[in-house]
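Reading through the structure tokens given below for one structure.
Chains as they are written, first to last, in the UniProt record's numbering: chain X, 1 to 804; chain H, 1 to 126.
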């Protein structure tokens with residue numbers, strides 16, 4: 001074939017359309033990048049849908065860029081297009097886009113995948129481009145060099161675009177939009193670059209092909225605007241769709257996150273639940289271990305005390321023994337000076353011995369290691385024995401001894417009774433100079449118990465009320481100067497009092513400064529017959545007299561019991577004490593206290609066990625439990641149902657304010673009923689308890705004084721005619737003690753009150769109620785009136801009660 | 001003259017007590033531990049034994065149990081000497097077979113009284 005005149009035609013570009021084509025490429029690229037992200041986040045079916053959607057959008061974008069680019073190229077003659085090929089080129093663009101999205105949407109990008117994807121993308125774009133060119137119904141020759149250059153550009157641009165897209169997607173949240181726009185611009189430039197290079201490769205021949213349908217000759221310019229506008233609209237729509245879907249999916253993921261969090265929390269709770277029992281078991285085991293260790297440590301301490309006592313006494317034994325031996329020698333040899341000095345050594349040795357004994361005694365009492373050995377002995381014999389021992393002491397200060405002894409026997413720990421009596425007598429002789437010390441042993445019953453009263457009265461220096469208050473506390477003497485002047489550890493009375501209490505009795509003291517002191521030690525004649533021994537006294541009393549107890553304290557430590565008693569007794573609450581977990585449970589059932597204070601570390605049954613036993617008993621589970629513990633395992637305490645948790649050492653104010661929450665002090669007003677007639681006493685007690693008063697009962701004046709020593713009631717109901725100590729005597733005793741002077745007394749009697757009686761009672765009692773004439777209402781009214789004057793009648797319950 | 005066996009591990013106490021008792025007219029034999037005490041008691045048949053309780057080799061309780069278990073030495077009265085601070089010592093001493101019990105440091109007059117009564121009781125029994 002002969003090429004006669006080969007006309008080379010180079011077209012010109014419409015510059016606006018060229019820019020337009022670039023804008024379309026950039027928007028398409030940006031859409032792809034946005035889509036890539038969405039594709040990554042989507043899973044399963046959604047992922048494929050997003051992939052296809054993205055491929056269509058991007059394909060359309062690239063294609064329209066290409067087509068607009070083609071249209072921007074105007075030849076000096078009209079060009080028609082083959083519709084089928086145009087559609088094919090669109091498909092090629094879409095396939096290429098699909099590949100690109102697929103590659104970029106992966107979480108990891110390998111070199112192989114990048115190059116493979118780039119190849120496919122480049123092939124797709126090239127195919128699209130040249131198919132689009134082929135659709136032109138015109139002969140085109142291609143410059144092979146530029147043709148390959150365009151393919152190469154397509155390949156490089158594709159790989160670079162994919163890599164950039166992936167890189168920016170991975171780049172993180174910061175400045176994401178700008179990165180996307182940046183990579184969109186570059187990708188757009190790559191696609192456009194490829195296109196126009198491809199265009200540059202083409203040479204067009206204006207040989208008109210045979211069949212040119214005029215209908216296909218379109219106005220290029222307007223077609224270009226139309227296509228690119230439509231494409232931009234489509235892409236904008238895609239971007240908007242992505243934006244909405246993002247918003248939705250962020251909501252979705254928020255919900256998903258929350259759901260996951262809830263699920264995890266649930267899981268955690270479940271496992272906590274599962275482990276709670278195990279935890280409790282574990283803690284119990286730990287506590288048991290700690291408890292065992294504490295017992296072990298206590299045993300070690302006792303062993304140490306025993307050893308120390310032996311070790312200290314052995315050399316002392318020698319000192320005292322040798323000095324006494326030498327004294328005998330000195331006397332035989334007629335050396336009075338030696339004899340005197342040796343006597344001093346011996347005396348000092350004996351003093352040291354007694355100090356060691358005191359310290360050991362009090363340690364043993366506090367460790368609960370002091371045992372009692374009861375035996376029956378003849379009282380005058382025992383007293384004579386004691387008097388022989390102390391006679392030298394008494395006469396040393398020029399004192400005179402008066403004795404009065406009753407016949408009879410007593411069953412008690414004789415060694416300890418001897419120690420008590422020696423202590424009282426030696427104190428009396430220590431603090432009295434040239435005076436009289438009167439010792440009396442007499443039978444005396446207290447309540448239903450028969451016993452002995454051993455009293456030591458001296459005419460010595462006496463004590464102030466403040467000194468009396470500290471008298472029985474270990475390591476305190478009346479004041480510290482006493483120690484310097486009179487010596488001693490200050491333990492003697494504390495030990496004596498504790499011994500006495502252990503044996504079911506007690507020591508009382510009356511003293512006037514400068515006049516003298518009287519110590520009275522009372523012991524039951526046979527402790528086996530007494531229902532109360534040692535610290536159980538309070539609890540037993542409370543239980544027996546139908547006393548309404550507000551607070552039950554379960555604590556094995558005598559010292560903490562005393563402390564709590566001191567803290568709380570003044571507040572007007574009625575207390576009962578249990579020394580062990582078992583006793584605590586028994587008393588809880590018996591007394592139904594309003595609050596239980598529970599120690600944790602106790603031998604044999606610890607506080608945790610007591611607490612769970614209480615909370616598992618339907619009748620007791622409502623009683624609030626306040627844990628007073630040296631441990632700080634608050635969680636376990638609350639888990640087991642404790643209401644409050646206080647860590648030792650306990651602060652007085654805190655304890656009171658907490659107990660006040662459960663037993664308001666105002667609601668608890670105690671009344672002491674002194675009445676020998678059981679039926680009348682019972683009747684009054686019931687009546688009062690029904691009205692919310694705490695009632696203590698005594699059968700005569702003497703027993704009443706004992707009860708008063710424990711705690712002062714808000715009111716006393718007093719019968720006048722009683723055995724042992726009648727109402728008049730009781731009143732006289734009551735007025736002797738200043739702290740009891742404010743307690744109002746209402747006399748309830750069957751006795752006809754004479755003028756003389758009235759004089760005796762005058763000023764001492766708030767009112768007199770005649771037995772037989774009074775109704776419950778008048779009794780309550782009298783009580784309201786009397787108590788109301790002290791308390792600001794804060795309780796409405798009481799006021800309404802007075803109306804009925 | 002009565003022969004008294006003093007079983008005591010502390011040298012000072014042993015010396016002191018044996019000298020004081022010698023002065024009061026007793027013949028004193030001494031032993032330093034429980035085993036020696038039992039051996040001497042068997043050999044010498046004293047009229048009375050003063051037995052410290054915390055002893056090396058064989059303690060006072062075990063020594064007393066052995067003495068009281070043997071026909072030859074059963075009748076010899078044993079007075080236990082212990083430090084009074086140790087709870088249950090008296091019970092343990094009586095349980096081991098001691099006839100009487102006194103605490104250390106020794107009060108000579110009191111101890112002499114107990115020795116006298118143990119010796120006279122033993123005479124009556126014998």
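Where a beta carbon is used, it is the ideal one built from N, C-alpha and C, also for glycine.
Residues of chain X whose Cβ lies closer than 9 Å to the Cβ of residue 106(H) are, in chain order, 317, 320 and 321.
Note that the C-beta distance between residue 146(X) and residue 122(X) is not below 8 Å. Look at residue 314(X): its C-beta is under 8 Å from a C-beta on chain H. Under the 8 Å criterion on CB atoms, residue 16(H) is classed as interfacial with respect to chain X. DSSP places residue 612(X) inside the alpha helix (DSSP H), whose first and last residues are 607-616.
Restricted to the region 698-753 of chain X, the beta strand (DSSP E) segments that are unbroken, complete and at least 3 residues in length are 715-718 and 745-749, listed in chain order.
Taking 8 Å as the threshold, the shortest C-beta distance from residue 375(X) to chain H does not fall below it. Under the 10 Å beta carbon count, residue 494(X) is surrounded by 16 or more other beta carbons and is classified as buried. By the beta-carbon neighbour count (other beta carbons within 10 angstroms, threshold 16), residue 20(H) is buried. About 4 Å separates the CB atoms of residue 85(X) and residue 135(X); that is less than 8 Å, so the two are in contact. In this structure, residue 410(X) keeps its C-beta atom at 8 Å or more from the C-beta atom of residue 401(X). Ranking 444(X), 724(X), 716(X) and 721(X) by CA distance to the CA of residue 782(X) puts 716(X) first. Residue burial is scored here from C-beta neighbours: residue 465(X) has fewer than 16 other C-beta atoms within 10 angstroms and is therefore classed as exposed. Chain X places no beta carbon closer than 8 Å to that of residue 122(H), leaving this residue out of the contacts. Ranked by Cα distance from residue 12(X), the first of 35(X), 160(X), 363(X) and 196(X) is 196(X). For the options 721(X), 730(X), 686(X) and 723(X), the alpha carbon positioned closest to that of residue 706(X) is the one of 730(X).
Its Cα nearest to that of residue 623(X), the residue 610(X) stands out among 202(X), 610(X) and 726(X). Identification of chain X residues near residue 90(H) by a Cβ-Cβ cut-off of 8 Å yields 373, ordered along the chain. Here the C-alpha atom of residue 353(X) lies approximately 15 Å from the C-alpha atom of residue 490(X). In terms of CA proximity to residue 746(X), 684(X) leads the group 725(X), 684(X), 755(X) and 723(X). Beta bridge pairing from DSSP links residue 441(X) with 405(X) and 454(X). About 14 Å separates the CB atoms of residue 694(X) and residue 743(X); that is not less than 8 Å, and the two are not in contact.
The region 275-339 of chain X is shown to contain no whole alpha helix (DSSP H) run of 4 or more residues. Any Cβ of chain H closer than 8 Å to the Cβ of residue 324(X) would place that residue at the interface, and such an atom is present. For residue 465(X), there is no enclosing beta strand (DSSP E); the residue is found in the alpha helix (DSSP H) stretching over 465-470. In this structure, the alpha-carbon of residue 53(X) lies about 22 Å from that of residue 119(X). Residue 160(X) is positioned such that its CB atom lies closer than 8 Å to that of residue 190(X). Under a criterion of Cβ atoms nearer than 8 Å, the residues of chain H adjacent to residue 353(X) are, in order, 105. With a threshold of 16 other beta carbon atoms within 10 Å, residue 430(X) meets it and is buried. Between residue 412(X) and residue 523(X), the gap from beta carbon to beta carbon is short of 8 Å.
Around residue 364(X), the same chain offers 370 as residues with beta carbons nearer than 6 Å, after the five sequence neighbours per side are excluded. When DSSP states are grouped into helix, strand and coil, residue 23(X) belongs to the helix group. Taken through DSSP and simplified to helix, strand or coil, residue 642(X) comes out as coil. Three or more beta-carbon pairs drawn from the region 438-451 of chain X and the region 695-704 of chain X are found closer than 8 Å, and the two stretches are therefore classed as touching.
When the alpha-carbon of residue 119(H) is set against those of 77(H), 22(H) and 105(H), the nearest one is in 77(H).
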